[in-house]
Amino acid sequence: MEEVSVDFFHPFIRLSTAVDTEFLEQTMEINGKDDLKSPLLQHPNDVAITVPPSNFNKKIRTLAFKVRGITCSSCVASIEAALGRLDGVQSAMVSVLQGQAVVKYIPELISAKKIKEAVEDTGFEVEDFPEQDNAICRLRIKGMACTSCSESTERALSMLDGVKKAVVGLALGEAKIHFDPNVTNIDRIVEAVEDAGFGADLINTGGDLNKIYLSLEGITSTEDFTVIRGSLESLEGVNHVEIDAKEHKVTISYEPDIIGPRSLIQCIQEAGHVSNTYQATLYTPPRAGEAERHHEILMYRNQFFWSCLFSVPIFVFDMVLPMLPPYGNWLEYKVINMLNVGMLLRWILCTPVQFIIGKRFYAGSYHALRRKSANMDVLVALGTNAAYFYSIYIMIKALTSNSFEGQDFFETSSMLISFILLGKYLEVLAKGKTSDALAKLTDLAPDTACLLTLDADGHVISEIEINSQLIQKNDILKIVPGAKVPVDGLVVDGQSHVNESMITGEAVPVAKRPGDKVIGGTVNENGCVLIKATHVGSETALSQIVQLVEAAQLAKAPVQKLADQISKFFVPT
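When we follow our numbering, the leftmost residue of the sequence shown carries the number 1135, and every step to the right adds one.
#1: Compute the beta-carbon to beta-carbon distance between F1538 and K1531, rounded to the nearest angstrom, for a pair I have assumed lies under 8 Å.
#2: Relative to the C-alpha of V1562, which candidate in S1208, A1697, G1277 has its C-alpha closest?
#3: For the beta strand (DSSP E) containing V1626, name the first residue and the last one.
#4: Take every Cβ of the region 1627–1640, pair it with every Cβ of the region 1656–1666, and state whether three or more of those distances are shorter than 8 Å.
#5: Could you check the C-alpha separation between G1394 and V1297 for me, to the nearest Å?
#6: Just to confirm the assignment, what range does the alpha helix (DSSP H) spanning A1573 have?
#7: Report the residue ranges of all alpha helix (DSSP H) runs contained in full by the region 1585–1670; include only those spanning at least 4 residues, in chain order.
#8: Only counting the same chain, and skipping five residues up and downstream in sequence, which positions put a Cβ closer than 8 Å to that of L1664?
#9: Need the endpoints of the beta strand (DSSP E) that C1271 sits in, please.
#10: Between V1551 and the rest of its own chain, which residues show a CB-CB distance below 8 Å, the 5 nearest in sequence each way excluded?
#11: Less than 6 Å between C-beta atoms, sequence neighbours within five positions excluded: which residues of the same chain meet that for S1365?
#12: Does the Cβ of I1386 have 16 or more other Cβ atoms within 10 Å, making it buried, or fewer, making it exposed?
#13: To the nearest angstrom, report how far apart K1078 and I1653 are at their CA atoms.
#14: Is M1453 buried or exposed, if buried means 16 or more other CB atoms sit within 10 Å of its CB?
#15: Would you kindly work out how many angstroms separate the C-alpha atoms of L1369 and S1569, rounded to a whole number?
#16: Please report the straight-line C-alpha distance between D1378 and L1696, rounded to a whole angstrom.
#17: Do L1578 and G1655 have their C-beta atoms closer together than 8 Å?
#18: Contact check, I1275 vs E1242 under 8 Å by CB: the rounded distance?
#19: V1302 to T1418, Cα distance in whole Å?
#20: Is the region 1586–1606 touching the region 1471–1486, taking contact as three or more C-beta pairs under 8 Å?
#21: I need the DSSP call for S1229, collapsed to helix, strand or coil.
#22: Please report the straight-line C-alpha distance between V1621 and G1649, rounded to a whole angstrom.
#23: Under 6 Å Cβ to Cβ from E1424, same chain only, skipping five residues before and after it: list those, please.
#24: Report yes if the C-beta distance between L1465 and P1456 is below 8 Å; otherwise report no.
Written as structure tokens, this is what we have:
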């Protein structure tokens, strides 16, 4: 048998490697390098068909899934041809060896569901298909007073077509909704909450975790906003651009794996022309819900004080002075028939508490009864109205009779409303402290960082101090002794000890050498190190901790679910 030279295989190896490299690059956009466990050499029958893009300004998504039953290049060609005929598909690549397809498409023109159906129509089975059409949004719910309110909101959201899952947290006053954007949208979700009798404001969507807030300068007309918006939306990795023309501010949602905040600022500056240049600077927006929470605290505090202003004299006239003769004898003076001064004063003071200060309970009861449920507002309104109108009956009987004697309960109505308002005031204060604790956790990261610029040989060219919000992935940062680590990263040069007690609780500093991981917010003790940023924005450990705490507050414990079920029957009973 003749021995075949290795050179005979070189063309095939080059062809397979070239095809596989392109496939791996698209696969890494979905799974990352750590999930690639397949051989590096691809089957020589793998062929890529690229469809010319029809609209460069549209946002492009990448979809990867398994295709079962692929055996040869003919199978690959049929699948790629079927995908290539779809309007909105930018490119399609199928691997025989891995049994996987990678498709780039424009979600505005075609949905992931139609791509799946196109592959299945060719006779192949699709597996491990991601739920690309499952969007997430978070809403701030206003006006919830008890678990019955949160249940009513959750039930109203769950009944909406397209909503797959809805979780409402009473403590946070927020709701997290999983929905199909092809069936419903955020406006309909907000409308469903408002129909249930509550207010709703959008906090963010699933893709809005990485945001940058910029203040614009050099704006002279509305056309400047159009130019800036067009320049930003043309960048790959930009998800959403929201411009406040009145305040000259812009909010940008972006993908940190593709683009960074400094690139966005540079894009805005380059969008200007010689006669009119644009400048963009960072600004810190007010904390989400901070203004509403402060207003709610002041509202309940003022209502409680006004209620006490009327309720305390009622209590004194009814419970204290009659026990201290002769100081309370004047309350027994008859005005008309058996109607005395004390009963008349209690009625005058109780009426504003019942119908003006307590009107929020009537509004809450109306919305609850309209959706055929009973919450705490129904209980309060029912109890206080029973006491008030029974007392009105007693007062009328005393007014029209010469011998009738009865006991009114005006103090019961007013004092009950006062105690409920006190409880509400303490509740909103506790909610505010919870939010402050989460905010202080995010404040552990430093405000600034030292950014280095290196040449090809790894020598430092320049060193500049920047805002930590401007750090991008793969930036080289210098951490001096005593400074905090701004973001999560890897040590590339130097040795030191880092105090990680804020994460692990361990007081002993941990030794760090090249290749070791560091966590944002931890303190560098004694050595100077250079780190490479690997996780920024919402991907850092601190941000993940905050998100986990918020998710835990939204989730319900089993005992809480049982209590909610009991309350459904307790309140009407």
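All residues carry an ideal CB built from backbone N, CA and C; glycine is no exception.
Note that the coordinates shown come from a computational prediction; the quantities given were computed from them, not determined experimentally.
This is what the structure gives:
#1: 5 Å
#2: G1277
#3: 1622–1627
#4: yes
#5: 32 Å
#6: 1544–1576
#7: 1635–1638
#8: L1586, I1610, L1611, K1612, I1613, V1625, V1626, D1627, G1628
#9: 1269–1276
#10: It is worth fixing the name first, because residue 1551 is Ile in this sequence and not Val. Closer than 8 Å at Cβ, skipping near neighbours: S1441, S1445, V1487, Q1488, I1491, G1492, F1495, V1514, T1518.
#11: C1401, A1405
#12: buried
#13: Examination of residue 1078 is not possible in this model, given that the chain is present from 1135 through 1707 alone.
#14: exposed
#15: 35 Å
#16: 45 Å
#17: yes
#18: No, I1275 and E1242 are not in contact; Cβ-Cβ is about 30 Å, not under 8 Å.
#19: 28 Å
#20: no
#21: strand
#22: 16 Å
#23: none
#24: yes
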